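Visitor:
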Amino acid sequence: MATLKGPGAPKSYDGSGLRIGIVHARWNSTIIDALLDGAKKALADAGVREENIVIQSVPGSYELPYAVKQMYSASQVQSSSTGVVGAAADLLGSASDLTQFASSSQPKDSLLKTPFDAIIAIGVLIKGETMHFEYIADAVSHGLMRIQLEGNVPVVFGLLTLLNEEQGLQRAGIAGQGKNEGHNHGSDWGSAAVELGAKRKGWVEGKIID
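With this note's numbering applied, the sequence shown corresponds to residues 31 to 240, in that order.
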């Protein structure tokens, strides 16, 4: 039986002029890695250049809101100076992915130092025997929403809240014996980041982009 659930076919947007950030948790890494690959592929398919995709990781999903906020702040520092300074340099324990853009002696013409046009937050929570799951899911959801509204930057909600591991495998497109069953939601998040990034550029200029 056909289902009505799902995002539908994504619209096509040119991502060649966008700079996209991705912050992902390392907890439940098998599912995380597949989702991350899906997001990166969708970004590449939309024309986002590899050098303009900045990826950082944090231990778990609870750390995502803070990391997203500070990562965006670091990109703002980069846009107004020649490098990452002060607290931004060690905001996530490792700024290697961020500082490479400012410190390269021969920067590429296509490499952007502008603030991120959108950030994708990826995490996987699987319900256990305690209330831990509910507390984390609620806190992260509200935290990410607050960041995008107060920071005026699109934050794509890539947090899977699962009742069991099989649900995660299905939603990462790696279920079944061949590890190819289900749908990789990371691809949806990548497409959403490009769409919101492109629309945000228009909104800033007073334009409404369909």
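Using N, Cα and C, we set each Cβ at its ideal position, and we do this for glycine too.
All of these numbers come straight from a predicted model, not from anything done at the bench.
(1) What residue from Gly188, Thr160 and Asp147 has the CA that sits closest to Lys229's CA?
(2) For Leu179 and Val186, what's the separation of their Cα atoms in angstroms?
(3) Over the uninterrupted alpha helix (DSSP H) stretch that includes His172, give me the two end residues.
(4) Could you tell me whether the region 63-73 touches the region 159-166, using the rule of 3 or more Cβ pairs below 8 Å?
(5) Go to Thr60, then tell me how far its alpha helix (DSSP H) extends in each direction, as first and last residue.
(6) For Gly90, which residues from the same chain have a beta carbon less than 7 Å from its beta carbon, with the 5 sequence-adjacent residues on both sides left out?
(7) Quick one: residues in its chain with C-beta nearer than 7 Å to the C-beta of Lys99, no 5 flanking neighbours on either side, listed in chain order?
(8) Which first and last residues belong to the alpha helix (DSSP H) in which Gly206 is found?
(9) Taking the alpha helix (DSSP H) that Gly216 belongs to, which residues open and close that run?
(10) Run through DSSP, which three-state label would Leu142 get?
(11) How about Ile83 and Lys70: are their beta carbons less than 8 Å apart?
(12) Can Leu192 and Gly153 be called in contact, C-beta distance under 8 Å?
(13) Flag this pair as yes or no: are the beta carbons of Gly232 and Gly45 separated by less than 8 Å?
(14) Would DSSP call Gly38 helix, strand or coil?
(15) Check whether the Cβ atoms of Tyr102 and Ile149 lie closer than 8 Å to each other.
(16) Starting from the Cα of Ser110, find the closest Cα among Asn214, Glu80 and Leu142 and give me that residue.
(17) For Arg79 versus Thr144, is the C-beta spacing smaller than 8 Å?
(18) Exposed or buried, Ser221, counting other C-beta atoms within 10 Å across all chains shown (16 or more means buried)?
(19) If you drop the 5 nearest sequence neighbours on each side, which residues of the same chain put their C-beta closer than 8 Å to that of Asp127?
(20) Can you grab the Cα-Cα spacing for the pair Ala39 / Val107, in whole Å?
Guide: Let's see:
(1) For the purposes of this step, residue 229 is identified with residue 199 of the sequence shown, where counting begins at 1. For Lys229, the nearest C-alpha among the options comes from Asp147.
(2) Translated into positions along the sequence shown, residue 179 becomes position 149. Translated into positions along the sequence shown, residue 186 becomes position 156. Their backbone Cα atoms lie some 12 Å apart in a straight line.
(3) On the sequence shown, position 142 is the one that residue 172 refers to. Here the alpha helix (DSSP H) through His172 covers His162 to Gly181.
(4) no
(5) Within the sequence shown, residue 60 is the residue found at index 30, counting from 1. Per DSSP, the continuous alpha helix (DSSP H) segment holding Thr60 begins and ends at Ser59 to Asp75.
(6) Residue 90 sits at position 60 when you count from the first residue of the sequence shown. Within the same chain, Gly90 has close Cβ partners Ala55 and Trp57.
(7) Taking the sequence shown and counting its residues from 1, one reaches residue 99 at position 69. Within the same chain, Lys99 has close Cβ partners Ile177 and Gly181.
(8) Residue mapping note: residue 206 aligns to position 176 of the sequence shown, counting from 1. Where Gly206 is concerned, there is no enclosing alpha helix (DSSP H), given that its DSSP letter is neither H nor E.
(9) Mapped onto the sequence shown, residue 216 falls at position 186. Here the alpha helix (DSSP H) through Gly216 covers His215 to Val234.
(10) By one-based count along the sequence shown, residue 142 stands at place 112. Correct three-state label for Leu142: coil.
(11) In the sequence shown, counting from the first residue as 1, residue 83 sits at position 53. In the sequence shown, counting from the first residue as 1, residue 70 sits at position 40. Yes. Within cutoff.
(12) Position 162 of the sequence shown, counting from 1, holds the residue named residue 192. Position 123 of the sequence shown, counting from 1, holds the residue named residue 153. Here Leu192 is not near Gly153, since their CB atoms are 8 Å or more apart.
(13) For the purposes of this step, residue 232 is taken as residue 202 along the sequence shown, with counting starting at 1. For the purposes of this step, residue 45 is taken as residue 15 along the sequence shown, with counting starting at 1. It is not a contact, given that the beta carbons lie outside the stated cut-off.
(14) As a position in the sequence shown, residue 38 is number 8, starting the count at 1. It is coil, neither helix nor strand.
(15) Position 72 of the sequence shown, counted from the start, is the residue given in the question as residue 102. Position 119 of the sequence shown, counted from the start, is the residue given in the question as residue 149. Closer than 8 Å, so yes.
(16) Here residue 110 corresponds to residue number 80 of the sequence shown, with the count starting at 1. Comparing Cα-Cα distances from Ser110 to each of Asn214, Glu80 and Leu142, the minimum goes to Leu142.
(17) Here residue 79 is taken as the residue at index 49 of the sequence shown, counted from 1. Here residue 144 is taken as the residue at index 114 of the sequence shown, counted from 1. No. Outside cutoff.
(18) As a working note, residue 221 is residue 191 in the sequence shown. Its Cβ being crowded by 16 or more others within 10 Å, Ser221 is buried.
(19) Here residue 127 is taken as the residue at index 97 of the sequence shown, counted from 1. Because Asp127 carries a pLDDT of 48, less than 50, the predicted location of this residue cannot be relied on, and no value is offered for it.
(20) Counted from its first residue, the sequence shown places residue 39 at position 9. Counted from its first residue, the sequence shown places residue 107 at position 77. The straight-line gap from Cα to Cα measures roughly 36 Å.
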